[in-house]
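*Asks:* The following block contains the structure, expressed as structure tokens.
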Amino acid sequence: MQGSAADIMKRAMIAVDAALADKPWAQMLLTVHDELIFECEAGRVDELIALARPLMEGAAGDKLQVPLQVESGHGPSWAACKG
């Protein structure tokens, strides 16, 4: 299952990276286990979430029979988001 999760994460990263190609106000920075970390301009967080979430949730395509749910959070640092 971990291998499948890694494959889904890679597909999500490719899809989100392509979607951000013409959006200089946001960039994907790194992945940590099952998380993607982004940086974006202040005030555009909701726009980034609205763009990235459906791409990430659909990354498995029709290969997975259960829905993937993507959670999001934001803050001034990764540590602040982790609480």
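Each residue of the sequence shown is one higher than the one before, counting from 1 in the UniProt record's numbering.
We treat Cβ as the ideally placed atom computed from N, Cα and C, and that holds for glycine.
What residue ranges within the region 27-52 form continuous alpha helix (DSSP H) runs of no fewer than 4 residues, ordered along the chain?
*Replies:* Here no run is fully enclosed.
*Asks:* Should C40 and A26 be called a contact, given that it needs their Cβ atoms to be closer than 7 Å?
*Replies:* Here residue 40 corresponds to residue number 40 of the sequence shown, with the count starting at 1. Here residue 26 corresponds to residue number 26 of the sequence shown, with the count starting at 1. Cβ distance < 7 Å, so C40 and A26 count as in contact.
*Asks:* Report the residue from L30, R11, S4, T31 whose alpha carbon sits nearest the alpha carbon of P54.
*Replies:* As a first step, residue 54 must be located in the sequence shown, where it is residue number 54. When each option's Cα is compared against that of P54, the closest is R11.
*Asks:* Looking at the unbroken alpha helix (DSSP H) that takes in K82, where does it start and where does it end?
*Replies:* Taking the sequence shown and counting its residues from 1, the one referred to as residue 82 is at position 82. It spans 78-82 - the alpha helix (DSSP H) in which K82 sits, taken as one unbroken run.
*Asks:* Can you check whether the CB of M56 is closer than 7 Å to the CB of V70?
*Replies:* In the sequence shown, the residue the question calls residue 70 occupies position 70. In the sequence shown, the residue the question calls residue 56 occupies position 56. Closer than 7 Å, so yes.
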